[in-house]
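A.B. asks:
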């Protein structure tokens with residue numbers, strides 16, 4: 001009996017050592033998208049959330065080694081990203097071999113729409129145009145996800161939503177917030193009809209910035225009403241949409257007050273990591 005116990009203990013010890021000393025699981029992340037994937041606004045120019053997530057995964061999971069390939073290009077719309085997915089050999093190879101795929105898209109689509117329409121004084125016309133925009137954007141983002149999935153049928157895809165970078169400066173311009181919400185809703189609706197694709201909302205955390213409470217946001221709206229008498233100037237909106245402002249959202253870059261800074265990218269990273277833990281075995285620790 002004693003010998004049997006010793007044998008079992010020895011086998012268990014050997015198995016445990018083999019488990020502890022096993023080579024780390026190699027996980028390849030391919031990130032494709034616009035400036036939020038490229039990492040614009042990252043003061044260290046290391047790639048924003050793509051750099052941070054590899055560090056976080058490797059730090060928290062000693063038996064995993066994540067590497068990343070960043071295919072973000074600032075300013076690209078969904079159609080432009082999709083064109084690269086269809087034509088870039090390097091990107092297609094990376095996507096097909098990826099264990100994890102992340103996507104940022106939609107921000108530039110909406111930005112172009114807003115620059116053309118946000119100064120229209122008619123709410124009815126704006127909402128009608130927004131409904132048309134949502135329908136066409138849904139088709140574009142569906143096409144993008146389908147093309148990525150064709151290259152990689154099995155790996156999980158994590159899609160970030162977008163946020164309102166001008167909310168802190170013009171909280172009274174409700175149409176921009178509605179447009180952002182509609183854009184996110186369209187993306188999430190497409191994601192919900194796909195297999196192993198997950199939507200990561202960042203709108204609330206990023207748009208509100210440091211104004212986290214109902215009271216602070218109400219003070220923000222009152223201040224905007226007093227300063228602008230409840231109105232806004234078209235040229236000011238256009239400047240803000242181009243990243244030109246002297247005010248600050250604590251989660252956005254002080255260079256353009258538009259893209260995330262370190263704090264903003266950390267928010268994106270933490271939300272992505274939570275999704276990885278929820279939807280992959282290797283990230284559970």
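Residue numbers (full-length UniProt numbering): 1 to 285. For glycine and all other residues, C-beta sits at the position ideal for the given N, C-alpha and C.
My output table needs one value for residue 293: the three-state DSSP class, helix, strand or coil.
C.D. replies: Here the chain covers residues 1 to 285 and nothing more, so residue 293 does not appear.
A.B. asks: Specify whether the stretch 126-135 and the stretch 56-71 touch according to this definition: at least 3 beta carbon pairs, one from each stretch, less than 8 Å apart.
C.D. replies: The stretch 126-135 is not in contact with the stretch 56-71.
A.B. asks: So who's on the other strand from residue 197, going by DSSP bridges?
C.D. replies: In the DSSP output, where bridge partners are listed per residue, residue 197 has 157.
A.B. asks: If we require 4 or more residues per run, which alpha helix (DSSP H) segments fall completely within the stretch 112-153?
C.D. replies: Complete alpha helix (DSSP H) runs here, min 4: 123-151.
A.B. asks: Can residue 145 and residue 190 be called in contact, C-beta distance under 8 Å?
C.D. replies: Cβ atoms of residue 145 and residue 190: closer than 8 Å.
A.B. asks: Going by DSSP, name the residue or residues bridged to residue 61.
C.D. replies: BP columns for residue 61 are empty, so no partner.
A.B. asks: Looking only at its chain, what residues have a beta carbon closer than 8 Å to the beta carbon of residue 45, apart from the 5 residues adjacent to it on each side?
C.D. replies: Within the same chain, residue 45 has close Cβ partners 39.
A.B. asks: Please confirm whether residue 36 and residue 158 have their CB atoms less than 8 Å apart.
C.D. replies: Not closer than 8 Å, so no.
A.B. asks: Which residue comes first and which comes last in the beta strand (DSSP E) that contains residue 25?
C.D. replies: 25-33 is the extent of the beta strand (DSSP E) around residue 25.
A.B. asks: Apart from the five residues just before and just after residue 95, which ones in its own chain have a Cβ nearer than 8 Å to its Cβ?
C.D. replies: Excluding sequence neighbours, residue 95 sits near 30, 32, 85, 101, 148, 151, 152.
A.B. asks: Might you give, ordered along the chain, the residues of its own chain that have their beta carbon closer than 7 Å to the beta carbon of residue 155, omitting 5 neighbours on each side?
C.D. replies: Around residue 155: 98, 99, 100, 101.
A.B. asks: Using 8 Å for Cβ pairs, my map puts residue 142 next to residue 106. What's the rounded Cβ distance?
C.D. replies: About 12 Å separates the two Cβ atoms, so there is no contact after all.
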